[in-house]
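Single-structure report; data block below.
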Amino acid sequence: MRILADMMRAIQSEGEEGLGPTKILYAANLSHDRLTQYLEELVEKELIKEKNPESENRIYLLTEKGREFLKEFVRIERFSEAFGIEI
Amino acid sequence: MQAGLAIIRLDLVFEFISGIIALIVTYYATKAYNLTGQKRLSDLSTGFLVLSAGMFGRVIGTWYFLIRFGTDFEAGGVVITIVTIAYGMSRIMAYILFVIATRPPRHHHQEVTGGSMLLLATFLVDPGLEVVAIIVLVVVVLQTIVNYMSTRSKFARYVLIGFFLLLLSHIMMAQVVETPGFYLLSQAAQLLGFLSLLVLLVQAGRVE
Numbered sequence: 001m002r003i004l005a006d007m008m009r010a011i012q013s014e015g016e017e018g019l020g021p022t023k024i025l026y027a028a029n030l031s032h033d034r035l036t037q038y039l040e041e042l043v044e045k046e047l048i049k050e051k052n053p054e055s056e057n058r059i060y061l062l063t064e065k066g067r068e069f070l071k072e073f074v075r076i077e078r079f080s081e082a083f084g085i086e087i
Numbered sequence: 001m002q003a004g005l006a007i008i009r010l011d012l013v014f015e016f017i018s019g020i021i022a023l024i025v026t027y028y029a030t031k032a033y034n035l036t037g038q039k040r041l042s043d044l045s046t047g048f049l050v051l052s053a054g055m056f057g058r059v060i061g062t063w064y065f066l067i068r069f070g071t072d073f074e075a076g077g078v079v080i081t082i083v084t085i086a087y088g089m090s091r092i093m094a095y096i097l098f099v100i101a102t103r104p105p106r107h108h109h110q111e112v113t114g115g116s117m118l119l120l121a122t123f124l125v126d127p128g129l130e131v132v133a134i135i136v137l138v139v140v141v142l143q144t145i146v147n148y149m150s151t152r153s154k155f156a157r158y159v160l161i162g163f164f165l166l167l168l169s170h171i172m173m174a175q176v177v178e179t180p181g182f183y184l185l186s187q188a189a190q191l192l193g194f195l196s197l198l199v200l201l202v203q204a205g206r207v208e
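Protein chains in written order, with the working numbering: chain A, 1 to 87; chain B, 1 to 208.
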């Protein structure tokens with residue numbers, strides 16, 4: 001869950017510009033195989049989307065659903081860490 | 001009589017509000033558990049649920065006692081004993097769950113009659129259970145201190161204040177038999193503790 005949130009935070013930090021897989025990989029500290037797997041999962045859940053699906057350069061943007069999810073995650077993260085519970 | 005009864009009624013109002021806040025924390029912790037699957041959040045949620053159930057049980061039980069038996073402590077002795085023990089046990093169970101949930105990761109005449117009504121307060125307390133609750137809650141408070149010292153977050157501070165006030169309320173409650181005046185103070189400290197947790201929920205929920 002935290003890995004997915006870290007990936008989404010990295011994408012969100014670039015705003016409307018979006019973020020490519022390599023930068024997401026570094027931001028979330030992932031192997032290439034796991035990155036592909038998680039990106040597919042996020043796209044499938046409609047939390048992120050490709051900026052130009054036809055283009056060869058893949059750039060990802062956060063969807064509205066993704067923004068809402070990230071807000072909820074921040075609330076949950078603050079609540080959990082207040083009790084000393086790591087998520 | 002009236003003053004003493006008012007204290008007991010006020011105490012029940014405090015307890016009821018605290019129970020509602022405990023239920024809100026339960027809801028929040030359950031939501032967090034459903035999202036993350038973190039087992040400790042489930043323990044936290046169960047702890048607050050048990051705590052709120054105990055509080056509502058005590059409010060209903062004491063209210064029933066007052067309506068049914070009034071100041072006849074002898075007649076209602078069994079009822080109030082059951083309520084007191086169930087309440088004390090539920091709190092100890094809840095605090096044990098908090099110890100598990102918050103443990104650090106591996107790497108807390110009129111006057112005379114009024115006085116006799118206050119005597120009811122001493123019937124609503126089991127000093128033995130209070131001492132056990134204090135011991136368990138001390139562990140919870142120590143763990144929340146460790147968490148606050150390592151994070152220095154304002155959210156962790158609210159939890160620390162909350163559990164510390166709960167501990168304070170138990171320390172005062174344990175002395176109610178000798179000093180019945182502590183009874184309402186203890187309930188007020190408990191309410192303040194839960195209000196601190198409510199502030200945490202409000203503050204944590206503010207995301208731009």
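A virtual CB, placed ideally from N, CA and C, is assigned to each residue, including glycine.
Predicted model, so just to flag it, every value in this text is computed and none were measured.
With 7 Å as the threshold, decide whether the Cβ of residue i is near any Cβ in chain B.
i, result
"A:Glu-82", "One detail in the question is off: residue 82 of chain A reads as Ala in this sequence, not Glu. So, interface residue."
"A:Ile-85", "yes"
"A:Lys-51", "no"
"A:Met-91", "A question about residue 91 of chain A goes unanswered here, because the residues of chain A that appear run from 1 up to 87."
Quick one: residues in its chain with C-beta nearer than 8 Å to the C-beta of residue i, no 5 flanking neighbours on either side, listed in chain order?
i, result
"B:Val-99", "Val-136, Val-139, Val-140, Gln-143"
"A:Thr-63", "Glu-46, Leu-47, Ile-48, Lys-49"
"B:Ile-24", "Leu-198, Leu-201"
"B:Glu-130", "Gly-88, His-170, Met-173, Ala-174"
Please go through the same chain and pick out, in chain order, the residues whose beta-carbon is closer than 7 Å to the beta-carbon of residue i, but skip the five residues on each side of it.
i, result
"B:Leu-168", "Ala-189"
"B:Thr-26", "Ser-45, Phe-48, Leu-49, Ser-52"
"A:Leu-35", "Pro-21, Ile-24, Leu-25"
"B:Ala-22", "Phe-48, Leu-51, Ser-52, Met-55, Phe-194"
"A:Lys-65", "Glu-46, Leu-47"
"B:Tyr-28", "Leu-201"
"B:Arg-58", "Glu-15, Val-83, Tyr-87"
So with Cβ pairs under 7 Å, would you call residue i a contact of chain A?
i, result
"B:Phe-155", "yes"
"B:Thr-102", "yes"
"B:Tyr-183", "no"
"B:Tyr-27", "no"
"B:Gln-38", "yes"
"B:Pro-127", "no"
"B:Leu-137", "no"
"B:Leu-35", "yes"
"B:Leu-44", "yes"
Run down chain A in chain order and give the residues with a C-beta less than 7 Å from the C-beta of residue i.
i, result
"B:Gly-205", "Arg-75"
"B:Tyr-158", "Ala-82"
"B:Ala-32", "Ile-76, Phe-79, Ser-80"
"B:Pro-105", "Glu-86"
So, under 8 Å CB-CB, residue i and residue j are touching, yes? Tell me the CB distance rounded to an integer number of Å.
i, j, result
"A:Ile-87", "B:Gln-38", "5 Å"
"B:Gly-54", "B:Tyr-95", "Incorrect: roughly 11 Å between the Cβ atoms, too far for contact."
"B:Val-50", "B:Leu-12", "In fact, because the Cβ distance is near 19 Å, the residues do not count as touching under 8 Å."
"B:Met-172", "B:Leu-185", "5 Å"
"B:Ser-153", "A:Ala-5", "The Cβ separation is near 18 Å, so there is no contact."
"B:Ile-145", "B:His-170", "Actually they are not in contact, since the Cβ atoms of B:Ile-145 and B:His-170 sit about 17 Å apart, beyond 8 Å."
"B:Ile-92", "B:Val-132", "5 Å"
"B:Phe-65", "B:Val-79", "5 Å"
"A:Leu-30", "A:Ile-3", "7 Å"
"B:Thr-36", "A:Met-1", "5 Å"
Can you tell me the Cα-Cα spacing of residue i and residue j, whole angstroms?
i, j, result
"B:Gly-157", "B:Met-149", "A quick correction: the sequence has Arg, not Gly, at residue 157 of chain B. Rounded to the nearest angstrom, the two C-alpha atoms are 9 Å apart."
"B:Ser-90", "A:Gly-18", "51 Å"
"B:Ser-52", "B:Ser-18", "8 Å"
"B:Gln-187", "B:Val-176", "11 Å"
"B:Phe-155", "B:Gly-205", "11 Å"
"B:Phe-14", "A:Glu-72", "31 Å"
"B:Leu-195", "A:Ile-85", "21 Å"
"A:Lys-23", "A:Arg-78", "26 Å"
"A:Lys-51", "B:Asn-34", "31 Å"
"B:Gly-162", "A:Asp-33", "45 Å"
"A:Pro-21", "A:Tyr-60", "8 Å"
"B:Leu-198", "A:Val-74", "17 Å"
"B:Phe-48", "A:Met-8", "32 Å"
"A:Leu-39", "A:Ile-76", "22 Å"
"A:Leu-70", "B:Pro-104", "26 Å"
"A:Arg-67", "A:Ser-80", "20 Å"
"B:Ser-42", "B:Lys-31", "9 Å"
"B:His-108", "A:Gly-15", "Residue placement at B:His-108 is poorly supported in this model, since its pLDDT is 49, which falls under 50; the coordinates still yield a value, given next. Those two C-alpha atoms are separated by around 43 Å."
"A:Ser-55", "A:Ala-28", "24 Å"
"B:Pro-180", "B:Gln-203", "36 Å"
"B:Val-83", "B:Tyr-183", "17 Å"
"B:Gly-128", "B:Gly-61", "20 Å"
Cutting at 6 Å between CB atoms, please list the residues of its own chain near residue i, excluding the five before and the five after it.
i, result
"A:Tyr-26", "none"
"B:Glu-111", "With a pLDDT of only 48 at B:Glu-111, under 50, the local geometry of the prediction cannot be trusted, and no value is derived from it."
"B:Gly-193", "Gly-162, Leu-165, Leu-166"
Which chain A residues sit within Cβ distance under 9 Å of residue i?
i, result
"B:Tyr-87", "In chain order: nothing, as chain A lies at least about 23 Å away."
"B:Gln-175", "Residues of chain A passing the Cβ test: none, with the nearest at roughly 29 Å."
"B:Leu-41", "Ile-76, Phe-79, Ser-80, Phe-83, Ile-85, Ile-87"
"B:Thr-151", "Glu-81, Ala-82, Gly-84"
Could you name the residues of chain A that residue i contacts, counting a contact when the two beta carbons are closer than 8 Å?
i, result
"B:Leu-200", "Phe-79, Ala-82"
"B:Thr-144", "Phe-83, Gly-84"
Along chain B, which residues have their Cβ under 7 Å away from the Cβ of residue i?
i, result
"A:Lys-71", "Val-207"
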